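>
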RNA sequence: GGCCCCAUCGUCUAGAGGCCCAGGACACGGCCCUCUCAAGGCUGAAACACGGGUUCGAAUCCCGUUGGGGCCA
C-alpha cells in the first residue's frame, strides 16, 4: 500500500510569513501534525521567507502564536537557527553548483523579451509554453541557471490523496533554479530544503500539485529519492472561489479573537476534508489515533462558519466551570470588564451561560449583567412590563427578598411560585419584569440562578433602581 | 489558451458493484419540554451534475460533456 509509512516519518509545515496564518494553512499544518503524531514521527516547522520584500518578523510571530494556540507543537524549527530559508542560502547555491557541475543544469542568457515573444507564440499556437532550450549547449558561465528536463517521457506523481497523476515531459520546461542575480527560485528552495531536512512525506496544498513533477525531476537530478506526496484540497468560500479576505474572517487569530475555542477549531478543520464514518466530535487523542492520510478527500471544501460555531458551542457545553473561568478571563479584560477575584464564582456564572453562547465573547455579551449593572432597560420590554401593577408587586417582592432566610436558587424559585399563586398570575408574568429589572433584558439564564449568583445585596439594589426608574416613567 | 485536479442534500460528509427508492452532522421548518432565551427530545423538507457505455445489477468502474478549482502567470 502506498500509504504505509516508513520507519521514520518526518513532515514539515512551511508557511511564508507574508501574512497571517490562514485557515487553509492551518488545516495543512494540522494534517501534517496529525500524520506525524499518528506515526510517532517528527513535525518540522520551516519559514519560507525568501520573498524578503513581503516577509516580516511580525508575521512570523503571529504564525507561531496561531500554531501554539491550536496546540500544534513542532519538534524542530524556530526559534532554533537554520529553519528559515534566508539562513540557508549557501545550501541552495551548493546544490545548484552540484547540478551545474554534473551537467544537469546550465546557464541561460535569453533576454526576457525573447522569452516573452516565445510565450506569446506558443499561446497563439494553443500550446503550453516551454523554454526552447536555446542555451542548453552553449556552455555559458553566467545567467539564470536552468534544470535540464528530458524531452520525452512521463513523470508520475504517486499522490497519497489523488492517486497517480501523470505529467508528460513535453508539458514541462527547463525551469529556472537560480535567477540571473543568483537568488534561488521557490521550487528549488523547497526541493533542497526537503532533501536536506530528510522529509519523508510532503503534505501540502493542492496548488502545488502542478509543480511536483518539476520537483521530482530535480530530486532525481540531485541523486535523491523523492519523498511521498499528499496534496490536500483547497478551502473555498461560499461562492466556491478560493477562500480569501473578502469572504470575511480567514485568519486563525481572528477566530481566536472571536472567542472560538481552539479545540473546536482543530476539530472543525480536521473534519473539513477528512472523516471517520459518521463521527463529528473528536478529542485530540482520537484524531491522532484515527487520522489516516488516505481518508482525506481530494475534493475542495467550502468553509462553513456556522458549523464551526456549533462545534465551538459543543466544546463550551462540555467544559467545566473552573476551566471556562480560566479561558474567560483574558476575554473579560479585553471587553473592558473587571476580572472577578472569585474564580469559583466566575465558574458558576460561566455554567449558566455556556449553553447560550457559541464563543467566549458571546458568553460575555450574554452575561454582561453579571459584571455590571444594567445601564438601561430594553425600551419595548420596559413599556410592556414596567406597569403600575408591577410597582406594587416589586415593593412586595423586595420586602420578601429582604426576609428570605436562604438566598439560593431553590428558595428563590419557591418564593416566586408562591407569590405567583397568591396573585393568581403565571410565573412568567412575575419573572419577566424582575428579569428586566436585574439584567436589563428579556432573555437571560434561569432567573433564580441569576439572582442567587448576584446575591441578595446586589439583587435588591437592582430591584430598587428599577423601582425608581419605574416611578420616573409615570 | 495549454496542462492538472475535483464533482452525493444549501454546507461538511458516509458510501470502496447488490446492505442505498442513499445514512449522519450543520443550517432551515414543525411539535414537545419550559420562568425568558437557550439547551435537549421527537419529527419534516432536502442530494448521487448530465449523456453514453461495462455488468444480471452502478452513487460506486470506463469514456465524453458540463461546471468549479489550480498551475503556467
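Numbering (the numbering used here), first residue to last: 1297 to 1770. For glycine and all other residues, C-beta sits at the position ideal for the given N, C-alpha and C. Please read all numbers here as calculations on a predicted model, not as lab measurements.
Pick from 1735, 1741, 1747: whose alpha carbon is nearest that of residue 1762?
In the first chain, residue 1762 corresponds to position 466, counting from 1. Measuring from the Cα of residue 1762, the nearest candidate turns out to be 1735.
> Using the beta-carbon count (16 or more within 10 Å), is residue 1454 buried or exposed?
Against the first chain, residue 1454 aligns to sequence position 158. Exposed is the call here.
> Within the same chain, show all residues whose beta-carbon is closer than 6 Å to that of residue 1686, passing over the 5 residues directly before and after it, in chain order.
Residue 1686 sits at position 390 when you count from the first residue of the first chain. If we look at residue 1686 and ignore the five residues flanking it on each side, its Cβ neighbours are 1729.
> Return the CA-CA distance between residue 1528 and residue 1351, expressed in angstroms with no decimal places.
In the first chain, counting from the first residue as 1, residue 1528 sits at position 232. In the first chain, counting from the first residue as 1, residue 1351 sits at position 55. Computed Cα separation, rounded: 24 Å.
> Note down, in chain order, each residue of its chain lying with its Cβ closer than 8 Å to the Cβ of residue 1749, except the 5 sequence neighbours on either side.
The residue labelled residue 1749 in the question sits at position 453 within the first chain. These residues qualify, in order along the chain: 1641, 1644, 1645, 1648, 1666.
> Give the secondary structure of residue 1423 by DSSP, where H, G and I count as helix, E and B as strand, and everything else as coil.
Walking along the first chain from the start, residue 1423 turns up at place 127. In the structure shown, residue 1423 sits in coil (DSSP, three-state: anything other than H, G, I, E or B).
> Alpha carbon to alpha carbon, how far is residue 1299 from residue 1591?
Working through the first chain from its first residue, we reach residue 1299 at position 3. Working through the first chain from its first residue, we reach residue 1591 at position 295. Reliability fails at residue 1299, whose pLDDT of 44 lies under 50, so the model's placement of it is uncertain and the value that follows must be treated cautiously. Their backbone Cα atoms lie some 10 Å apart in a straight line.
> Assuming residue 1331 and residue 1499 make a contact with CB atoms under 8 Å, what is their CB distance in whole Å?
For the purposes of this step, residue 1331 is identified with residue 35 of the first chain, where counting begins at 1. For the purposes of this step, residue 1499 is identified with residue 203 of the first chain, where counting begins at 1. Going by Cβ atoms, the distance from residue 1331 to residue 1499 rounds to 6 Å, so yes, they are a contact pair.
> Going by DSSP, what residues sit across from residue 1597 in a beta bridge?
Translated into the one-based positions of the first chain, residue 1597 becomes position 301. Paired residues: 1531.
> Kindly confirm or deny that the stretch 1438-1448 and the stretch 1464-1481 touch, where touching means at least three C-beta pairs closer than 8 Å.
Yes, the stretch 1438-1448 is in contact with the stretch 1464-1481.
> Can you tell me where the beta strand (DSSP E) with residue 1497 in it begins and where it stops?
The sequence position of residue 1497 within the first chain is 201, counting from 1. 1497-1501 is the extent of the beta strand (DSSP E) around residue 1497.
> Is it a yes or a no for the stretch 1518-1527 touching the stretch 1568-1581, going by three-plus beta-carbon pairs under 8 Å?
The answer is no - the stretch 1568-1581 does not touch the stretch 1518-1527, with fewer than three Cβ pairs under 8 Å.
> Taking 7 Å as the cut-off, is the CB of residue 1326 close to at least one heavy atom of the ligand ZN?
Among the components modelled here there is no ligand, and therefore nothing to report on the ligand ZN.
> Name the DSSP bridge partner or partners of residue 1401?
Against the first chain, residue 1401 aligns to sequence position 105. DSSP, once it has assigned bridges, lists 1443 as partnering residue 1401.
> Indicate whether residue 1555 and residue 1593 have their beta-carbon atoms separated by less than 8 Å.
Within the first chain, numbered from 1, the residue matching residue 1555 stands at position 259. Within the first chain, numbered from 1, the residue matching residue 1593 stands at position 297. Contact flag unset, no.
> Whose C-beta lies closer than 7 Å to the C-beta of residue 1553 among residues of the same chain, with five residues either side of it excluded?
In the first chain, counting from the first residue as 1, residue 1553 sits at position 257. Taken in chain order, the list of residues that qualify is empty.
> Could you give the residue range of the alpha helix (DSSP H) that holds residue 1334?
Numbered from 1 along the first chain, position 38 holds the residue referred to as residue 1334. That run of the alpha helix (DSSP H) goes 1319-1334.
> Report the CB separation of residue 1539 from residue 1319 in whole angstroms; it is logged as a contact under 8 Å.
Sequence index remark: in the first chain, residue 1539 carries index 243 (1-based). Sequence index remark: in the first chain, residue 1319 carries index 23 (1-based). Between residue 1319 and residue 1539 the Cβ distance is about 7 Å, and since that is below 8 Å, they are a contact.
> Hey, would you say residue 1732 sits closer than 8 Å to residue 1681, going by beta carbons?
Residue mapping note: residue 1732 aligns to position 436 of the first chain, counting from 1. Residue mapping note: residue 1681 aligns to position 385 of the first chain, counting from 1. The answer is yes: Cβ separation under 8 Å.
> Going straight from the alpha carbon of residue 1583 to that of residue 1705, what length do you get?
As a first step, residue 1583 is located in the first chain; it is residue number 287 there, counting from the start. As a first step, residue 1705 is located in the first chain; it is residue number 409 there, counting from the start. Cα to Cα, residue 1583 sits roughly 40 Å from residue 1705.
> If you draw a straight line from the C-alpha of residue 1460 to the C-alpha of residue 1327, how long is it?
For this step, residue 1460 is matched to residue 164 along the first chain. For this step, residue 1327 is matched to residue 31 along the first chain. Each residue's alpha carbon lies about 21 Å from the other.
> Where residue 1463 and residue 1476 are concerned, what is the direct C-alpha to C-alpha distance, given to the nearest angstrom?
Along the first chain, one-based indexing puts residue 1463 at 167. Along the first chain, one-based indexing puts residue 1476 at 180. Using only the alpha carbons, I get a separation of about 28 Å.
> Give the DSSP-derived three-state secondary structure of residue 1356 in the structure shown.
As a first step, residue 1356 must be located in the first chain, where it is residue number 60. Residue state, collapsed to three classes: helix.
> Name the one or two DSSP bridge partners that residue 1624 has.
Along the first chain, one-based indexing puts residue 1624 at 328. Answer by DSSP bridge pairing: none, since residue 1624 is not bridged.
> Return the bridge partner residues of residue 1455 from the DSSP annotation.
Looking up residue 1455 in the first chain gives position 159. Looking at the DSSP assignment, residue 1455 forms a beta bridge with 1459, 1525.
> Let's see if you can read the secondary structure: which residues bound the beta strand (DSSP E) around residue 1671?
Along the first chain, one-based indexing puts residue 1671 at 375. Run containing residue 1671: none; DSSP gives neither H nor E here.
> Could you spell out where the alpha helix (DSSP H) holding residue 1380 opens and where it closes?
Here residue 1380 corresponds to residue number 84 of the first chain, with the count starting at 1. Note, residue 1380: premise wrong, no alpha helix (DSSP H); not H, not E.
> Determine which residues share a DSSP beta bridge with residue 1464 and list them.
Here residue 1464 refers to the residue found at position 168 of the first chain. Answer by DSSP bridge pairing, in chain order: 1450.
> Report the residue from 1304, 1655, 1673 whose alpha carbon sits nearest the alpha carbon of residue 1615.
Translated into positions along the first chain, residue 1615 becomes position 319. For the residues 1304, 1655, 1673, the minimum Cα distance to residue 1615 belongs to 1655.
> Work out the CA separation of residue 1405 and residue 1601 for me, nearest whole Å.
Position 305 of the first chain, counted from the first residue, corresponds to residue 1601. Position 109 of the first chain, counted from the first residue, corresponds to residue 1405. Those two C-alpha atoms are separated by around 50 Å.
> Using a 10 Å radius around the Cβ and a threshold of 16 neighbouring Cβ atoms, would you call residue 1297 buried or exposed?
Translated into positions along the first chain, residue 1297 becomes position 1. Its pLDDT being 38, under 50, residue 1297 is placed unreliably by the model, and the measurement read from it follows with that caveat. Result: exposed.
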